[in-house]
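Peer 1: Numbering of the sequence shown is given in this note's numbering, commencing with residue 12 and proceeding in unit increments.
First, the structure itself, so that you have it in front of you.
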Amino acid sequence: MTPLLDAFSDTPLDCPHWLSPCGTVLLINSDSMAVLQRMHAKSVNCVVTDPPYNIGEQYANYEDNRVAYYEWCEEWLSHCLCVAECVLVTPGTPNLTHWTKFKHDPAWIHCWYKPNATNRSGARWVNVWEPVLRYGGKWRHYHDSLRLSIGRQTDTGNHPCPKPLKWGTWAVTGVSDAGQIVLDPFSGSGTTPVACIQTGRRCIAIEIDPGYFAVGISRCEAAFADTATFFGRPVQRELA
Ligand SMILES: C[S@@+](CC[C@H](N)C(=O)[O-])C[C@H]1O[C@@H](n2cnc3c(N)ncnc32)[C@H](O)[C@@H]1O
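See the structure below:
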């Protein structure tokens with residue numbers, strides 16, 4: 012098994028990071044653009060990510076009102092498509108039309124249907140779905156959409172907008188096989204790495220905020236403690 016640190020052009024990493032004792036999860040506390048530029052081409056199998064939407068979300072430190080936001084998104088998407096063959100990303104419903112003007116075209120637009128959502132819709136009343144763009148790769152699920160209500164999460168610290176863990180397991184199992192490496196350059200409270208632990212994937216996750224990075228480590232430690240093993244390998248859980 013290739014060590015996760017081999018994905019980088021120079022080691023050791025010079026920013027705070029945490030490598031799980033079994034070596035299957037690497038969390039990095041840094042700006043993902045800087046880290047992506049240090050990664051070898053095709054050094055991971057896929058990217059699953061949920062970037063900030065530039066809608067003024069109240070993060071602890073990150074200001075969610077970046078100037079030239081779409082240029083920034085197009086730049087990190089290009090880096091992701093260099094390091095991986097497949098990228099699954101939630102662009103945010105209000106940003107979807109801009110993403111369709113980028114130089115890379117998605118292979119498919121998947122859908123997360125949230126029956127109990129209450130966000131205002133640009134159409135008229137309530138917005139109950141989110142686009143999930145997939146660039147490249149192949150889709151492993153029979154259906155191209157997920158129906159999953161939003162619920163309160165208790166282990167995600169003060170992160171204002173964690174994705175549900177079931178969303179994370181749907182996403183990582185949709186674009187990767189067990190044992191493969193998933194990269195999340197905007198990992199927040201660590202939903203993607205926890206989903207990877209639960210489903211037997213390896214994971215590199217990057218988060219700029221030290222507090223959310225720390226929450227991610229705690230969640231991963233708890234997930235490892237909770238994951239049943241069979242001869243040292245995680246037992247793959249079925250999606251409910
Ligand atoms: C929508 S949240 C991700 C939430 C995550 N899916 C979860 O379930 O917790 C986006 C995250 O990107 C982080 N972020 C913003 N700019 C970043 C950057 N340049 N590098 C790394 N992380 C960044 C923010 O701090 C925030 O936690």
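Note that CB positions come from ideal geometry on N, CA and C, so glycine has one too.
All values reported here derive from a predicted model rather than from experimental measurement.
Enumerate in chain order the residues of its own chain whose CB-to-CB distance from E249 is below 7 Å, with the five nearest sequence positions on each side excluded.
Peer 2: With a pLDDT of 46 at E249, under the threshold of 50, the predicted position of this residue should be treated as unreliable, though the coordinate-derived value follows. Correct list: empty, nothing qualifies.
Peer 1: Excluding the 5 residues flanking F113 on each side, which residues of the same chain have their C-beta closer than 7 Å to its C-beta?
Peer 2: Counting only Cβ-Cβ distances below 7 Å, and skipping sequence neighbours, we find E85 and L88.
Peer 1: If you follow the alpha helix (DSSP H) that P221 is part of, which residue opens it and which one closes it?
Peer 2: Looking at the DSSP string, the run of the alpha helix (DSSP H) that includes P221 is P221 to D237.
Peer 1: May I ask you to report which of helix, strand or coil DSSP gives Y146?
Peer 2: Y146: strand per DSSP, three-state reduction.
Peer 1: Identify, in the order they occur along the chain, each residue of the same chain with its Cβ nearer than 6 Å to the Cβ of P62, setting aside the five sequence neighbours on each side.
Peer 2: The answer, listed in chain order, is F197.
Peer 1: Considering only heavy atoms of ligand 1, does any lie closer than 8 Å to the CB of S229?
Peer 2: No, Cβ of S229 sits at least 8 Å from all heavy atoms of ligand 1.
Peer 1: Strictly under 9 Å for the Cβ-Cβ distance: is C214 near chain D by that measure?
Peer 2: This model lacks chain D altogether, as it is built from one protein chain only.
Peer 1: Is it true that the region 108-127 meets the region 149-162, where meeting means three or more beta-carbon pairs spaced less than 8 Å apart?
Peer 2: The region 108-127 is in contact with the region 149-162.
Peer 1: Check each candidate in L176, L99 and T180 and name the one with the smallest Cα separation from P142.
Peer 2: Comparing Cα-Cα distances from P142 to each of L176, L99 and T180, the minimum goes to L99.
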